[in-house]
Every structure is written in C-alpha cells, then in structure tokens.
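Residue numbers (the UniProt record's numbering), protein chains in the order written: chain A, 1 to 307; chain B, 1 to 307.
Glycine included, every Cβ here is placed at the ideal spot set by N, Cα and C.
This report concerns only the one structure given below.
Protein chains: 2
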Amino acid sequence: MSLIVVGTMAFDAIETPFGKSDKIIGGAATYIAWSASNFTKPIRQISVVGGDFPKKELEDLKGRGVALDGVQIKENEKSFFWAGKYHLDMNTRDTLDTQLNVLADFNPVVPENYQNSEFLMLGNLSPAVQLSVIEQLKIRPKLIVMDTMNFWMEVALDDLKKVLQKVDVLMVNDSEARQLTEEYSLVKAAKKIMKMGPQYVIIKKGEHGALLFHGDNVFVAPALPLEDVFDPTGAGDTFAGGFIGHIARTKDISYENMKTAIIVGSAMASFCVEKFGTERLREITKNDIDRRLAQFQELVNFDIELV
Amino acid sequence: MSLIVVGTMAFDAIETPFGKSDKIIGGAATYIAWSASNFTKPIRQISVVGGDFPKKELEDLKGRGVALDGVQIKENEKSFFWAGKYHLDMNTRDTLDTQLNVLADFNPVVPENYQNSEFLMLGNLSPAVQLSVIEQLKIRPKLIVMDTMNFWMEVALDDLKKVLQKVDVLMVNDSEARQLTEEYSLVKAAKKIMKMGPQYVIIKKGEHGALLFHGDNVFVAPALPLEDVFDPTGAGDTFAGGFIGHIARTKDISYENMKTAIIVGSAMASFCVEKFGTERLREITKNDIDRRLAQFQELVNFDIELV
Chain A
1 MSLIVVGTMA
11 FDAIETPFGK
21 SDKIIGGAAT
31 YIAWSASNFT
41 KPIRQISVVG
51 GDFPKKELED
61 LKGRGVALDG
71 VQIKENEKSF
81 FWAGKYHLDM
91 NTRDTLDTQL
101 NVLADFNPVV
111 PENYQNSEFL
121 MLGNLSPAVQ
131 LSVIEQLKIR
141 PKLIVMDTMN
151 FWMEVALDDL
161 KKVLQKVDVL
171 MVNDSEARQL
181 TEEYSLVKAA
191 KKIMKMGPQY
201 VIIKKGEHGA
211 LLFHGDNVFV
221 APALPLEDVF
231 DPTGAGDTFA
241 GGFIGHIART
251 KDISYENMKT
261 AIIVGSAMAS
271 FCVEKFGTER
281 LREITKNDID
291 RRLAQFQELV
301 NFDIELV
Chain B
1 MSLIVVGTMA
11 FDAIETPFGK
21 SDKIIGGAAT
31 YIAWSASNFT
41 KPIRQISVVG
51 GDFPKKELED
61 LKGRGVALDG
71 VQIKENEKSF
81 FWAGKYHLDM
91 NTRDTLDTQL
101 NVLADFNPVV
111 PENYQNSEFL
121 MLGNLSPAVQ
131 LSVIEQLKIR
141 PKLIVMDTMN
151 FWMEVALDDL
161 KKVLQKVDVL
171 MVNDSEARQL
181 TEEYSLVKAA
191 KKIMKMGPQY
201 VIIKKGEHGA
211 LLFHGDNVFV
221 APALPLEDVF
231 DPTGAGDTFA
241 GGFIGHIART
251 KDISYENMKT
261 AIIVGSAMAS
271 FCVEKFGTER
281 LREITKNDID
291 RRLAQFQELV
301 NFDIELV
C-alpha cells in the first residue's frame, strides 16, 4: 500500500576527519526514499527543490518507485543546502552553512492522487509544514510517523506540540527526548511524550542503538558495532525509511511488527554510514539487506534456557 | 565448582542528588560475592579488611556460601574507605575521599584449600595484587576474568599489561577501552585488547548495555531502561558477579554461554542500582532473578520471519 514521505531533498557538503565531499545530494526525504524503496512502492514524495536539483536524480528516484507529483520544482531558485563538519568521534557535528533557499517559503501541496495513502512519514521539517500535510489529507492515514529535531523545540515548540497530538509515532534522539520533556530518564521522557499524543516513541541513540516505547512495553534494538563510521549523515533518515518501508510492506502496525521495523531501520542505517551521502544506499541489493538482518539477529541472540 | 574472588571489602559513603548514605559496606569483592552467590558456592574470597569491618557482615557472607579463609583481618587497622558524589545524570561521579588504609600494603595470600579452583574473578585492584594471586595458583584456573579501571592505566600500565597476558576475559567500560588502546571505535579497541592477551573482551556501557567480543564475533547485551537509578555504586562489580556466577554454575566457558552470562550480569546490575549500596542484593530471591531474566529476554526479542 502507499506511503507518503514529506521532507527535504537538497544538497549537502560534508567534511569528516577522514574525507570531504563536494556538494552531494541529500535531504531527509532523499534518504528516506532511497531506504524505504527497498521494501515498498509507490513512495509518494512531497518536497520542494530548486532548478539546480539534478533531473537525473529525479529520474533515478522514479526508477525506484518514487512518485514525484508532490515535488515542487522552482526552476529559478536554488535547493536547500547544508554544509557540516564532523568531530573526531563522528558523533557530534558543526553546521558550517545553511541556506534555506526554496525551503524558506515552502507550502506543501498534497496532490489529489496522493489521497488515500495508508502511511505517512513526516521527515524532519518545520512543524508548520508537517501540520499542513496532515490537514490536507481527507482520510487519516493508518499510521503517521514523525521525525523532528531540537531546533524546532527551540523555535516552534507550540507548533511542534500541535503536530504531536496528531501523530502515532515520534522519532527523536536521546538528547532531544530529554530537551522536549525536561526528564533525564528516557523511560520518564517517553512516558511524558506518550501523553503529548504519540502512542509509540522511538528514541534513537546512534552507536548505542534505539529504544521503542509503547504503553508499559519497551524494546531495545542494537546498533551494529563498526570498525569505521565513514559518514553518519542521513543515518537517522535512513533508519526512518527502513522502519516505515517495512511497516508499509507488511501493512502491520502492531507493536510486535514495530520491533522488527526498528531492526530493519537499524540495518539500513548501518549501510548508510559506510560511504559518503547516499552512495551506499544506491548500491545495496536485497541479498545485502538479508545478510545484514541475519547479522543483527546474531548480534542479540542468546539462550536463556541455560540459566 | 569453586570460584576465587579477589577484590576490596570496604566502606563507602555515597551521595546522590536524591539521597545520602552513611558509611555503608562496599568494595568490589563484596558486590561480586553477594551477586555471584545467587548462582554458585563456594565463593573463595581473597581480600583484606580492618578491625572496623563488621563481624556480622562476615557471618552473613559465610551464610551465603562465601569462604573467608583468604580474607585477612588486620584488627588494629581500618578498612579501605571511599566517599563519592554522583552528578545529576547519575553517570559521572566525583571521588570526595579515598583512604587506602589496609589496602596500602595488601599482600594477598592464597590459602592452601583455595588451590584447584576452576574460576578466578580478579576484581578491580592494583595489577600487582592481581598478578600475585595468579602466580600463587599451582594449577591455572579454567577461566580467569579481570576487571580494571582507568586509574591503573595511568599509574601501573606495565603491570596491567603483564596481567592482561595471563587472563582470558577483560572487563572494562567504554572510556577505559578507548584509553587503553587509543582507539575510538570499540571494535578496533577490542581487537587491540585481544592482541594483549584476553580472548574475550567485555565492554560495559552503563545505561547503554554491554558488548562481548571474541575473535570476529560480537554480542550486544541491553541494559534495562529504568525510571530511576537510585545508586549506581557497585553495578559493574555486581555485573561481574552475575557473569562469573553463571559461568561457575554451568561450568561452560563457551562463547554461547558467555552471552547468557552477560545477560545474567546485566540483570543483576539492574537490581543493584535500585537501592543504596548492597541493600537490594541482600533482598532479592531466585524468583526475582528469574522474572528479571524473562524481562531481559522480552526486551530484545523480535521476529525476523516477518521481513
């Protein structure tokens, strides 16, 4: 069944201690689409790009089953651009430059043929834009998943809270969960977030894996311990894409399946960091994904009967 | 089969943002013994205490199956004392006071009736003391597990490396693994440590769980997400006690069983933090432990067939 993805499609310029990229393709919805398209089609993209966004990339996405009816192309303007530099530990990064460009006055329009989508993935964007998309849908999707970041908590908290009331799943990282709720314990933070709207809270912890909260239940997903993290850019969005891609493919929104979806998301994210930008996501095959999933199962498997 | 535990038996004074303890019983070997005695007996303790160490505590330990032949009691001296204060996040702590007392010139003596022990748990102590115990054993134990801390890497690195050559399992936390190897990646750090002697490396990550490395294999164990961490003191030692207790009970030193042992250690540590000092460890029953282990299984269990 169909999935709507809302988010940025943009240019990144990335610097790590190990290398530097030119201006490369990025943006939350780019990563989500490349990731999710391993599991489900069509992916109904909603975004905005400038005339400088490569037509080839749009063709490649179409080839992956991504519908572009909802992607506005503002020929005379430039795409969103972000430049960042990672610290030696690859966990923290500094933003060197952000040029909003077409994002500055982005008014998303949901095309008629996107109506009746079952799943909605709101990539990290201003809460006002996320809310606009929700409000344009005549039938509420079966599952609405929302990603956000600390920036919106600082500048648009009221809008953020409005969106939270309308979504089923919130994805944030641990420091964001703490900032949003003013709780240190992630258990307490998740409980508070569940009172704000979402019945499911996914807390991403980078190299420490991810937590899924639902009522009194909690699931702990591992991250794959790696020798080298080449470029972490887009890992969270790739995770989101794997998560929602699996949900959309199986059409199963139970807690049990959410756990599997998180493992799928984690597996996809582990590919993303292996090369610059989206490069690795463009290469991997179903075989690669199956083998990585088996690796994740091996990672956590233990025998309790021995106790 | 029997287990030798070497470590401190001491007094702690603990301050957290939520409460303050008086001078209470602590020390690595105290926590290890209370934890491991849920799984195996006898536990052959090697330590040193002063005349101020409560005779009742020694009786209680005897009642738990702990042999005290190797515990020197220096009646006219004082036991080791540590005072610490935890920060708001409960992850970091400051040492307010350390009084070595009897520990200053501790020369461990392995009693004759401790010979032929199958398992040796070297709690965090000076590497010279750990080495002395190994060298007094006429028959090398089946498995030697070693805990250490960053302090010894700073003041006794050569001695530490000597001990590493003689042990099978090293337990450290993530920052210590990085300090010891000058690697950021824990995978790379573990590989380097395995070249120093131990074939198994356990990297403890506090609230983020633990990693087990062995050759090219890696296992990721969760930590139980908690609403409140009341007192983290001794959690690492309690983990060690659960780990070695399970190994000693099952007499199985395979990689597969090590994974289970880590889960047991993690479950025990999750009890330790619930109250001050060793209080919770004194209360818990086999039922409590079984229930907590089932909780750990539930924490990570997912269905891969759905993919």
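Indicate the three-state DSSP secondary structure (helix, strand or coil) for residue i in the structure shown.
i                      : result
B:Phe81                : strand
B:Ser21                : strand
A:Ser35                : helix
B:Arg64                : coil
B:Tyr184               : coil
A:Ala223               : coil
B:Thr95                : strand
residue 310 of chain A : Beyond the ends of chain A as shown, which are 1 and 307, falls residue 310 of chain A; an answer cannot be given.
A:Ile262               : helix
A:Ile289               : helix
B:Lys56                : helix
A:Lys166               : coil
By the 10 Å Cβ neighbour count, where 16 or more other Cβ atoms means buried, how is residue i classified, buried or exposed?
i                      : result
A:Thr233               : buried
B:Lys259               : buried
A:Thr104               : Inspection of the sequence shows that residue 104 of chain A is occupied by Ala rather than by Thr. Exposed, since its Cβ has fewer than 16 Cβ neighbours within 10 Å.
A:Thr181               : buried
B:Arg140               : exposed
A:Tyr86                : buried
residue 308 of chain B : No answer is possible for residue 308 of chain B: the residues shown for chain B start at 1 and end at 307.
B:Phe151               : exposed
A:Pro54                : exposed
A:Ala261               : buried
A:Leu96                : exposed
B:Lys138               : exposed
Among the candidates the options, whose CA atom is the shortest distance from the CA of residue i?
i        : options                              : result
B:Val102 : B:Gln72, B:Ala210, B:Met90           : B:Gln72
B:Ser117 : B:Thr92, B:Leu143, B:Gln99, B:Ser126 : B:Leu143
A:Gly245 : A:Lys62, A:Phe18, A:Thr30, A:Lys41   : A:Lys41
A:Asn124 : A:Thr148, A:Glu135, A:Phe271         : A:Thr148
B:Val264 : A:Gly241, A:Asp303, A:Ser47          : A:Asp303
A:Pro17  : A:Ala128, A:Gly27, A:Thr92           : A:Thr92
A:Asp237 : A:Phe80, A:Gln179, A:Met146, A:Asp89 : A:Met146
B:Glu77  : B:Phe106, B:Lys62, B:Glu59           : B:Phe106
A:Ala10  : A:Thr98, A:Ser185, A:Lys85           : A:Thr98
B:Gln297 : A:Phe243, A:Ala248, A:Ala221         : A:Ala221
B:Ser266 : B:Ala210, B:Ile284, B:Tyr114         : B:Ala210
B:Gln115 : B:Arg44, B:Asp158, B:Asn150, B:Gly50 : B:Arg44
A:Phe276 : A:Ile4, A:Leu3, A:Val6, A:Asp22      : A:Asp22
B:Asp158 : B:Pro127, B:Ile32, B:Thr285          : B:Pro127
A:Ser2   : A:Glu283, A:Gly50, A:Asn113          : A:Asn113
B:Ala248 : B:Ile14, B:Asp12, B:Ile32, B:Lys20   : B:Ile32
Can you check whether the C-beta of residue i is within less than 8 Å of a C-beta belonging to chain B?
i                      : result
A:Ile304               : yes
A:Ser185               : yes
A:His214               : no
A:Val102               : no
A:Asn87                : Residue identity differs from the one stated: residue 87 of chain A is His in this sequence, not Asn. For A:His87, the answer is no, since every Cβ of chain B falls outside 8 Å of its Cβ.
A:Glu227               : yes
A:Lys205               : yes
A:Ile73                : no
A:Ile263               : yes
A:Leu122               : no
A:Leu293               : yes
A:Ile176               : Looking at the sequence itself, residue 176 of chain A is Glu, so the reference to Ile does not match. With 8 Å as the cut-off, A:Glu176 does not count as an interface residue toward chain B.
residue 361 of chain A : Here chain A covers residues 1 to 307 and nothing more, so residue 361 of chain A does not appear.
DSSP has residue i in a bridge; who is on the other side?
i        : result
B:His87  : According to DSSP, B:His87 bridges with nothing at all.
B:His246 : DSSP output for B:His246 lists no bridge partner at all.
B:Gly70  : B:Ile46
A:Phe119 : A:Leu3, A:Leu143
B:Val218 : B:Phe213
B:Lys204 : B:Asn173, B:Ala210
A:Glu15  : A:Lys20, A:Lys85
B:Gly26  : B:Ala10
When the cut-off is 8 Å and only beta carbons count, does residue i lie next to chain A?
i        : result
B:Phe219 : yes
B:Asp94  : no
B:Thr260 : yes
B:Leu299 : yes
B:Lys188 : yes
B:Ala274 : First, the residue type needs correcting, since residue 274 of chain B is Glu and not Ala in the sequence shown. So no, B:Glu274 is outside the interface.
B:Ile3   : Here residue 3 of chain B is Leu; the residue named in the question, Ile, does not match the sequence. Judged by the 8 Å Cβ criterion, B:Leu3 is not in contact with chain A.
Is the Cβ of residue i closer than 8 Å to any Cβ of chain D?
i        : result
A:Pro222 : No chain D appears in this structure, whose protein chains are A and B.
Any heavy atom of the ligand HEM within a distance shorter than 7 Å of the CB on residue i?
i        : result
B:Ala221 : This structure lacks the ligand HEM, and indeed carries no ligand of any kind.
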